[in-house]
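**Student:** Residue numbers (the working numbering), protein chains in the order written: chain Z, 79 to 364; chain B, 79 to 364; chain V, 79 to 364.
Heads up, the beta-carbon is just placed ideally off N, CA and C, and yes, glycines get one too.
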Amino acid sequence: MSTEADSADEVEPTPEQDTQAQSAAESEQDDDSPARDSPPAVFKLTSTVSTLQTVVSAVDPIVDECRIAVDDSGIQIQASDPSQVAMVDLQVDAQSFTQFESTTGVLGVNVNRLDEVLSVVDEELVRLVLDPQTNTLQVSSDEMTCTLSLIDPRSIRQAPSHPDLEYPAVCQLDEDDLDLAVTAGKKVSDHLYVVVDEDNPELRFDARGDTDSVTYRREPGDLVAFEPAEAASKFSLDHLSEINRALPSGPTRHLQIGNTIPLVVRAPLPGADGTVQFLLAPRTDD
Amino acid sequence: MSTEADSADEVEPTPEQDTQAQSAAESEQDDDSPARDSPPAVFKLTSTVSTLQTVVSAVDPIVDECRIAVDDSGIQIQASDPSQVAMVDLQVDAQSFTQFESTTGVLGVNVNRLDEVLSVVDEELVRLVLDPQTNTLQVSSDEMTCTLSLIDPRSIRQAPSHPDLEYPAVCQLDEDDLDLAVTAGKKVSDHLYVVVDEDNPELRFDARGDTDSVTYRREPGDLVAFEPAEAASKFSLDHLSEINRALPSGPTRHLQIGNTIPLVVRAPLPGADGTVQFLLAPRTDD
Amino acid sequence: MSTEADSADEVEPTPEQDTQAQSAAESEQDDDSPARDSPPAVFKLTSTVSTLQTVVSAVDPIVDECRIAVDDSGIQIQASDPSQVAMVDLQVDAQSFTQFESTTGVLGVNVNRLDEVLSVVDEELVRLVLDPQTNTLQVSSDEMTCTLSLIDPRSIRQAPSHPDLEYPAVCQLDEDDLDLAVTAGKKVSDHLYVVVDEDNPELRFDARGDTDSVTYRREPGDLVAFEPAEAASKFSLDHLSEINRALPSGPTRHLQIGNTIPLVVRAPLPGADGTVQFLLAPRTDD
């Protein structure tokens, strides 16, 4: 893990992310600035259980505790794993929920406990209500009421900020294809080269182990979308596998690939007006 | 476990149980009294494999070795776990079996080995025959014959006897509802309050952990039967989960709840003329 | 394991095996004799993934690394487990493959790695091509290319040679019946007597544990084929269970049983022109 941290650049932002971060910062300043790190005065939402589970599943493999930034436009989560190699950036618009009412603030949530509690709600809808007095989040359905203690957001590590980056190559591929690339790579190695070839246009995943190697190719006809450009970077398969598990099931994956810069993997949140995006720092040890 | 044993009353009987115990005692005395702890002279039964598996599955989570009291009316098993917090009381009438012939006596059986052996009988019917000469139980189908060594019943701990108790509240609920109460409770705590509210009539399961809590409610309309009365007791979730797994799949669960007295959980044995009943001592540490 | 090796005879051949070994030896000598332990000059095959997986699954439980003898007629694998108690002898004719081209030689293959790589080929056909320059085996489909390093065949233990044996009794039984014999036996013991009774004709599996025993009987009407003769031998259930898992799913199992000589278990390879045969040395400790 320390080798990984040493040999990997820290995750850098995509242009989109930067814009999002900016607009989030603006909306925070529209409100009152101590809100940046305090719970909101009001936070109430009603949602399908499945939408909240998709959100939680995307964050759970990356961090144990996360800061959920909320305001009247919806929720946003940015978090990086302890080694700062993988980062998740997720936002869900207010209209994705059956009901949503929130002032600006930050909730400190134990992701795994929220996941556990959602798993026992045996109904379609669930309601989340902040009780600022007790600093708890009430998660309730018609028959079940769970009360989760919130964590002081200031005690939760913030995701690193990151400069603007240009990505030469963009590919969109099926869920199963990224899954196969990761599974096949792990059979022989602990890292994977993600390569885009412009002349002989293809997206290529290359895993080279001590004795064996695997190459998995996707040609333009196999891809949902493809903007080729010469690009190649090497990534940790453990982290890539973590991100692959964290992605919502169903939608195609949108990749942005550069030369020894972080990989961007993005997917829309199914059944919601929102997006989850992962950044994975490259390995630079060769 | 020792804390559990210290803080929990020993299991107490239900009125029904007492009557059963009495009638069992009577029928034993009709026979010859050394039979109380000796194998019967004759024991032969033919049964569907599924009926015997239901019996064994109900006892297996509570004890490794059990005493099966048999006479011409059927079989009865009373056993408590080593901490004497959970107790099973099960009886199956002779007419539940395809064929049944037995004198009065007690069989000492390794429950887990009987379970294993039943799991490999690939036919509908199985026959159990005691061989008093070798003190073995022959478990056989058309194609398979297993011989299990019996244990001296005197070497197996007897379930504690227990006084008569009055239960104010009675509820009957679906299998899935009890299952959900136990599953949800275990997400946040190691004990569960089972509460019946008379004024605002409902059955309520309350789990309070160090940081989080879960409440699961069933109103009269959600219950198969409900005789409300103010009642509340606290139970170990480990033991309640054990009992929940031991219950036969299918039938609704009949609960008797009092104030800091043992919980009674009862269900009929599906496809047989018999009942299984569990008693769980309350935790009295608060 | 050492007790096992001490108490068990080494595996002995069946008449069929001997003939196969001879013909293999002849065809090797038709070529050039150093080929006996060297990779062939040419080896290329195209096969359904499922046929190759059946081959690999048959060998994987017995050895980690194996020698695949190849010539223009097909492939043959003979391998014994480290204790030399269980042996696999497998051959697949060239016409079983979509395409097959090979000179005489031996490939040294890591069975488990080949298995892993086949598991990620998500297409119907797979192509194996030897690259003699790099001593690697290329396993490829349309979209996936894996390169496996081969092992020097001389560093892989050869299966022991074995004399000719007469088998008095032959039985052919359903996959599920052998499975049940092994599963039931393991419930009570670590060894199994395989017995053929001629007078009261039946095939009998007898497991005798310290306290319990299981007997599973198959009468002539339950068997696909039966040539009875008095025969009885005792085998390790661990090894028999290993062989049972290694057998291809589907076809009936052909058993040859003698008196304290190796058990022969044989099955055709489904969807191919080939056979897999296991020999299991008897336990002779009683």
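Got a sec? Which residues, its chain only, sit under 7 Å from ARG232 (chain Z) by beta carbon, not counting five neighbours each side?
**Tutor:** For ARG232 (chain Z), where only same-chain residues beyond five positions count, the Cβ hits under 7 Å are ASP115.
**Student:** Short check: CB of ILE234 (chain Z) to CB of GLY186 (chain Z), under 8 Å?
**Tutor:** Yes, these two residues count as a Cβ contact at 8 Å.
**Student:** Give the single residue among Z:SER135, Z:SER267, Z:GLN173 whose Cα lies nearest to the Cα of ILE155 (chain Z).
**Tutor:** Among Z:SER135, Z:SER267, Z:GLN173, the Cα nearest to that of ILE155 (chain Z) is on Z:SER135.
**Student:** I'd like the list of long-range same chain contacts for VAL260 (chain B), defined as Cβ closer than 6 Å, with 5 residues on each side in sequence excluded.
**Tutor:** Same-chain partners within the cutoff: LEU318, SER319, ASN322.
**Student:** Kindly say whether THR212 (chain V), judged by its beta-carbon, lies nearer than 8 Å to any beta-carbon of chain Z.
**Tutor:** Answer no: the Cβ-Cβ gap between THR212 (chain V) and chain Z never drops below 8 Å.
**Student:** Exposed or buried, what is GLY336 (chain Z) when buried is set at 16 or more other beta-carbons lying within 10 Å of its beta-carbon?
**Tutor:** By the 10 Å Cβ count, GLY336 (chain Z) comes out buried.
**Student:** When burial is assigned at 16 or more other CB atoms within 10 Å of the CB, is GLN355 (chain B) buried or exposed?
**Tutor:** Buried, by the Cβ-count rule.
**Student:** Can you tell me whether DSSP reads ARG296 (chain Z) as helix, strand or coil?
**Tutor:** Three-state result, ARG296 (chain Z): strand.
**Student:** For PHE178 (chain Z), which of Z:SER161, Z:PRO210, Z:ASP149, Z:GLU202 has the nearest alpha-carbon?
**Tutor:** Out of Z:SER161, Z:PRO210, Z:ASP149, Z:GLU202, Z:ASP149 has the C-alpha closest to the C-alpha of PHE178 (chain Z).
**Student:** Within 10 Å of its beta-carbon, does GLN211 (chain V) have 16 or more other beta-carbons around it, so buried, or fewer, so exposed?
**Tutor:** Label assigned to GLN211 (chain V): exposed.
**Student:** Around the Cβ of ASP268 (chain V), are there at least 16 other Cβ atoms within 10 angstroms (buried) or fewer (exposed)?
**Tutor:** Classification for ASP268 (chain V): exposed.
**Student:** Check whether the region 324-336 of chain Z touches the region 120-138 of chain Z, counting contact only when three or more Cβ pairs, one atom from each stretch, lie closer than 8 Å.
**Tutor:** The region 324-336 of chain Z vs the region 120-138 of chain Z: in contact.
**Student:** For the structure I just gave you, are there three or more beta carbon pairs, one from the region 118-132 of chain V and one from the region 191-211 of chain V, closer than 8 Å?
**Tutor:** Counting Cβ pairs under 8 Å, three or more are found: they touch.
**Student:** Around the C-beta of GLN169 (chain B), are 16 or more other C-beta atoms found within 10 angstroms, so that it is buried, or is it exposed?
**Tutor:** Classification for GLN169 (chain B): buried.
**Student:** Can you have a look at GLN173 (chain Z) and say buried or exposed, based on whether 16 or more other CB atoms are within 10 angstroms of its CB?
**Tutor:** Exposed: under 16 other Cβ atoms inside 10 Å.
**Student:** Report the start-end ranges of each beta strand (DSSP E) in the region 295-342 of chain Z that is 3 residues or longer and not cut off at the edges.
**Tutor:** 303-305, 309-314, 331-335, all fully within the region 295-342 of chain Z.
**Student:** Kindly indicate which residue of Z:ASP252, Z:PRO279, Z:ARG295 has the alpha-carbon position closest to the one of TYR271 (chain Z).
**Tutor:** TYR271 (chain Z) has its Cα closest to that of Z:ARG295, out of Z:ASP252, Z:PRO279, Z:ARG295.
**Student:** Can you say whether VAL302 (chain V) is buried or exposed, counting buried as having 16 or more other CB atoms within 10 angstroms of its CB?
**Tutor:** The residue is exposed, with fewer than 16 neighbouring Cβ atoms inside 10 Å.
**Student:** Going by DSSP, what residue range makes up the alpha helix (DSSP H) through VAL255 (chain Z)?
**Tutor:** Note that residue 255 (chain Z) corresponds to Asp in the displayed sequence, not to Val. Its alpha helix (DSSP H) spans residues 253-266.
**Student:** Please return the same chain residues whose Cβ sits closer than 6 Å to the Cβ of ALA350 (chain V), not counting the five positions on each side in sequence.
**Tutor:** The answer, listed in chain order, is THR129, VAL170, SER174.
**Student:** Looking at VAL120 (chain B) and SER218 (chain B), is the spacing between their C-beta atoms short of 8 Å?
**Tutor:** Taking 8 Å as the Cβ cut-off, SER218 (chain B) and VAL120 (chain B) do not qualify as a contacting pair.
**Student:** To be precise: take each residue of the region 278-312 of chain B, compare its Cβ to all Cβ atoms of chain Z, and keep it if any distance is under 8 Å. Which residues remain?
**Tutor:** Taking 8 Å as the Cβ-Cβ cut-off against chain Z, the residues of the region 278-312 of chain B that qualify are THR289, ASP290, SER291, VAL292, THR293, TYR294, ARG295, ARG296, ASP300.
**Student:** Give the range of the alpha helix (DSSP H) segment to which ARG205 (chain B) is assigned.
**Tutor:** Element bounds for ARG205 (chain B): not the alpha helix (DSSP H) but the beta strand (DSSP E), 203-209.
**Student:** Identify each residue in the region 190-214 of chain Z for which the Cβ-Cβ distance to at least one residue of chain B is less than 8 Å, and report them in chain order.
**Tutor:** Within the region 190-214 of chain Z, the qualifying residues are ARG191, GLU194, VAL195, SER197, VAL198, ASP200.
**Student:** Ends of the beta strand (DSSP E) at GLN216 (chain B)?
**Tutor:** Here the beta strand (DSSP E) through GLN216 (chain B) covers 214-218.
**Student:** With ALA310 (chain V) and VAL273 (chain V) assumed to form a contact (beta carbons below 8 Å), what rounded beta-carbon distance in angstroms separates them?
**Tutor:** Their Cβ separation, rounded to whole angstroms, is 4 Å, which keeps ALA310 (chain V) and VAL273 (chain V) in contact under 8 Å.
**Student:** What number of angstroms, rounded off, separates the C-alpha of ASP284 (chain B) from the C-alpha of LYS264 (chain B)?
**Tutor:** Answer to the nearest angstrom: the Cα atoms are 11 Å apart.
**Student:** Suppose contacts are defined by Cβ-Cβ distances below 8 Å. Is LEU226 (chain Z) in contact with LEU192 (chain Z) by that definition?
**Tutor:** Yes, Cβ-Cβ distance for LEU226 (chain Z) and LEU192 (chain Z) is below 8 Å.
**Student:** In three-state terms, what does DSSP make of SER158 (chain B)?
**Tutor:** Reduced to three states, the DSSP call for SER158 (chain B) is strand.
**Student:** Using 8 Å as the threshold, is the C-beta distance between ASN190 (chain V) and PRO117 (chain V) below it?
**Tutor:** Cβ atoms of ASN190 (chain V) and PRO117 (chain V): not closer than 8 Å.
**Student:** Can you give me the Cβ contacts of GLU276 (chain Z) inside the same chain, cut-off strictly under 7 Å, excluding the 5 residues immediately before and after it?
**Tutor:** Excluding sequence neighbours, GLU276 (chain Z) sits near PRO306, ALA307, GLU308.
**Student:** Which class does SER400 (chain V) belong to by DSSP, given the choice of helix, strand or coil?
**Tutor:** The first residue shown for chain V is 79 and the last is 364, placing residue 400 (chain V) beyond what the model contains.
**Student:** Sort out for me which residues DSSP pairs ALA285 (chain B) with in a bridge.
**Tutor:** DSSP lists B:VAL292 as partners of ALA285 (chain B).
**Student:** Does SER135 (chain V) get closer than 8 Å to chain Z when you measure Cβ to Cβ?
**Tutor:** Not one chain Z Cβ lies under 8 Å of SER135 (chain V).
**Student:** Taking the Cβ atom as the reference point for each residue, do THR330 (chain Z) and LEU251 (chain Z) lie within a distance shorter than 8 Å?
**Tutor:** Closer than 8 Å, so yes.
**Student:** Using a 10 Å radius around the Cβ and a threshold of 16 neighbouring Cβ atoms, would you call SER239 (chain Z) buried or exposed?
**Tutor:** With fewer than 16 Cβ atoms within 10 Å of its Cβ, SER239 (chain Z) is classed as exposed.
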